[in-house]
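Heads up, the thing below is written out as structure tokens.
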Amino acid sequence: MAVTAYGSPLQMLELPRPQPPPGHALIEVLACGLCFSDVKTIRGRMPYSPGLALPHVAGHEVSGRVVEVNGPSPLSAGQRVIIHHLWACHRCASCRRGEEHLCTNLVAWMGFTEPGGFQEYVSAPVENVLPVPEHIPPDQAPALTCAMGTAYRAVVPRGRIQPGELAVVLGLGGVGVHAALIAQVAGAHVVGVDVEAKLEAARRVGLREVVGTGDVQEHVTDLSGGDMADLVIETTGVPALLEKARQLLRPGGRIVGVGYHVGELMAISSDQLVLWEQSVLGSRYATRADMEHVIRLVADGLVTPVIDEVLPLAELNKAVKRLEHGQVNGRLVLGVAAQSSV
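Note that full-length UniProt numbering numbers the sequence shown so that position 284 is 284, with each residue one more than the last.
Next up, the structure:
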């Protein structure tokens, strides 16, 4: 399912099967998650969009099975895998610091500037292909990549969550609901925040405490005895919510921003930020190590991926519209293998 023109529906095309170069594996795509970043790519709302060659296949949350490997590798044919979609250069300053997800000279960005997983086969470097235990269903595995990897990095390496802390998650979409579940498993007292229509779905997947957007300030004040939250995860990228997040924060607390909108600026009360020594941190995607931690969390049954529905690949246009209109709880997944739901 490919973008042939911005503003037009995606089309089902017959494309050549990729040939894996040395050091790459050919992956049969079993399922691929739909993230809002995919929607921005499909609609032509990314910085690279004007120069992107069309037709283009989006999709970066790939769950698949190894078909063949070109060269020596611990991977074997038939093995279940997911793919880390940022293919780093391993030479730039970011890579040398161990921050491969911040690589300034990317070899490829699968699903964004290079072909992604809304097709039957992809080729990926073996170092970016991570094994997944067979007992994790193929239609759940896409969430282990961007949705849960991004959530894990925001909560643990960037948010430095500690047991007993009070954490607030603003926005319970595909990343936010998983961030709240991961923080809860880490021992934090978590408050999930979204519009009323999203709250019951969040309760059903295991969030113990949720509140509507209009009630969050009073709720956190009462819950903390006026001390406010240790950590706020802001997942929406709505500019006004950065200052709202700061108002929910205790002195010395941390805000981690995950959501963004290209070209938009965020404002914050600078005097309060400085006088209360509050921290505002960005968090981008995940490292391969972060994703390996997520795989273990799910494999051990500590967190279950939140999948709204699995649709056949041919219904990708329907899935995009549902996500644009906020009609998704957790992740929508497209079943790719054999053009049907997995």
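Even for Gly, the Cβ is constructed at its ideal location relative to N, Cα and C.
Inter-residue distance for THR235 and ALA154 is about 9 Å (C-alpha atoms, whole angstroms).
If you compare the alpha carbons of LEU311, GLN278, PHE112 and HIS56 with that of ARG246, the shortest gap goes to GLN278.
Shortest Cα-Cα distance from ALA337 to any of LYS40, VAL310, TYR152 and PRO157 involves VAL310. Secondary structure at PRO115: coil, using DSSP grouped into helix, strand and coil. Within 10 angstroms of the beta-carbon of LEU13 lie fewer than 16 other beta-carbons, which makes it exposed.
In the DSSP assignment, LEU106 falls outside any alpha helix (DSSP H) and carries neither an H nor an E.
A direct Cα-Cα distance of roughly 21 Å separates ARG322 from ARG203. Judged by their CB atoms, VAL210 and VAL191 are nearer to each other than the 9 Å cut-off. When DSSP states are grouped into helix, strand and coil, HIS135 belongs to the coil group.
In the assembly as shown, LEU15 is an exposed residue. Its beta-carbon has fewer than 16 other beta-carbons within 10 Å. Boundaries of the beta strand (DSSP E) around CYS32: 24-34. Contact fails between the region 252-268 and the region 122-134, because fewer than three Cβ pairs, one in each stretch, are under 8 Å apart. A direct Cα-to-Cα measurement between VAL258 and SER8 gives close to 29 Å. For a cut-off of 8 Å, the C-beta gap from HIS178 to ALA141 is around 14 Å, too long to register as a contact.
Closest option to ILE27, judged by alpha-carbon separation, among TYR48, GLN79 and LEU34: GLN79. The beta carbons of VAL220 and VAL168 sit closer together than 9 Å.
A distance of 9 Å or more separates the beta carbons of LEU144 and LEU334. The C-alpha of TYR121 lies about 36 Å from the C-alpha of ALA186.
SER123 carries a strand assignment under DSSP once its states are collapsed to helix, strand and coil.
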